[in-house]
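In my numbering, the protein residues as written are 463 to 720.
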Ligand SMILES: [Zn+2]
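#1: Please name the residue, chosen from 635, 665, 666, 667, that lies closest to residue 652 on a Cα-to-Cα basis.
#2: Take the Cβ of residue 690 as the centre, count every other Cβ of all protein chains shown within 10 Å, and call the residue buried at 16 or more, exposed below.
#3: Could you name the residues whose beta carbon sits closer than 5 Å to any heavy atom belonging to ligand 1, keeping them in chain order?
#4: If you drop the 5 nearest sequence neighbours on each side, which residues of the same chain put their C-beta closer than 8 Å to that of residue 486?
#5: Measure the C-alpha to C-alpha separation of residue 434 and residue 469 and round it to an integer number of angstroms.
#6: Mind checking whether residue 612 and residue 706 have CB atoms under 8 Å apart?
#7: Pairs of beta-carbons, one from the region 686-701 and one from the region 574-585, closer than 8 Å: are there three or more?
#8: Exposed or buried, which one is residue 645 when buried takes at least 16 other CB atoms within 10 Å?
#9: So what does DSSP say about residue 634, is it helix, strand or coil?
#10: Pick out whichever of 674, 641, 658, 590 has its Cα sitting closest to the Cα of residue 717.
#11: I believe residue 661 touches residue 672 by the beta-carbon criterion, under 8 Å. Please report the beta-carbon distance rounded to the nearest angstrom.
#12: Once you ignore the five residues that flank residue 677 on each side, which residues in its own chain have a CB closer than 8 Å to its CB?
#13: Could you tell me whether the region 486-502 touches the region 541-556, where touching means 3 or more Cβ pairs closer than 8 Å?
#14: Check the DSSP bridge columns for residue 692 and list the partner residues they point to.
#15: Give me the Cβ distance between residue 680 and residue 599, rounded to the nearest whole Å; I'm assuming they're in contact under 8 Å.
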């Protein structure tokens, strides 16, 4: 059984619970709300060993204070370049999170774009990428530029193809509707939509995805594809000279997509 479990929060957030090997301890990723975590941990027979957060938005960090009241002294890891209360360990690019008692070790990647200081955690073939890369989508550019986000996504896309992508939201079906508007003839996207619809009909998560899949279907990782460029140029009404401008146009298109 995959030692990464999810707790649902709010409308469509996933709080990831990474179970340590041979312990009853777990790491919580982006606990935006404490209540569903406090409800789930006893059911899973797990206690938290640490909190990891990816960026400062409330739906990712809102549960930290309450969790610390229940588990005083719990280490809280988060981005060095964002102001987040209760962070005990500030992380910058290339830093590591090593929890030997749990057999867990992650490398930190700075992936600005959605927010200025957003970080992702990579290890054991798992990627916890918060609101940077979604299945079939990517985060909105609230603080960063299209160039920053494009570079951040390129870094994530360069990880091994079998990497499991644990993003923080169940946005997949809505993202696929947009992806198929950009690339209506993408057979992999059509096949994945059928699979995702079946999962959601059973109220199951479509996450984790894999990087291999995202490279085939995610328009935000496919700015260099001729079909994506053509669709983006048609939307923008101008020639787009490089993949950053294609990415920027696709992001703007998605922002306005209903
Ligand atoms: Zn966010």
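We put the beta carbon where it would ideally sit given N, CA and C, even for glycine.
In terms of the structure at hand:
#1: Start at 1 with the first residue of the chain shown, and residue 652 comes out as number 190. It is 635.
#2: To locate residue 690, count along the chain shown from 1; it is residue 228. By the neighbour-count rule (16 or more Cβ atoms within 10 Å), residue 690 is buried.
#3: 519, 593
#4: As a working note, residue 486 is residue 24 in the chain shown. Hits under 8 Å: 507, 508, 509.
#5: Here the chain comprises residues numbered 463 to 720, so residue 434 is not present and cannot be evaluated.
#6: Here residue 612 corresponds to residue number 150 of the chain shown, with the count starting at 1. Here residue 706 corresponds to residue number 244 of the chain shown, with the count starting at 1. Cβ distance < 8 Å, so residue 612 and residue 706 count as in contact.
#7: no
#8: Position 183 of the chain shown, counted from the start, is the residue given in the question as residue 645. Burial call: buried.
#9: Stepping through the chain shown from its first residue, residue 634 is reached at position 172. The answer is helix: DSSP assigns residue 634 an H, G or I state.
#10: Looking up residue 717 in the chain shown gives position 255. For the residues 674, 641, 658, 590, the minimum Cα distance to residue 717 belongs to 641.
#11: For the purposes of this step, residue 661 is taken as residue 199 along the chain shown, with counting starting at 1. For the purposes of this step, residue 672 is taken as residue 210 along the chain shown, with counting starting at 1. Not quite, the Cβ-Cβ distance comes to about 14 Å (not below 8 Å), so this is no contact.
#12: Residue mapping note: residue 677 aligns to position 215 of the chain shown, counting from 1. These residues qualify, in order along the chain: 619, 623, 683, 684.
#13: no
#14: Residue numbering aside, residue 692 sits at position 230 when the chain shown is read from its first letter. None; residue 692 has no bridge partner.
#15: Your numbering for residue 680 matches position 218 in the chain shown. Your numbering for residue 599 matches position 137 in the chain shown. Residue 680 to residue 599, Cβ: 7 Å. Contact.
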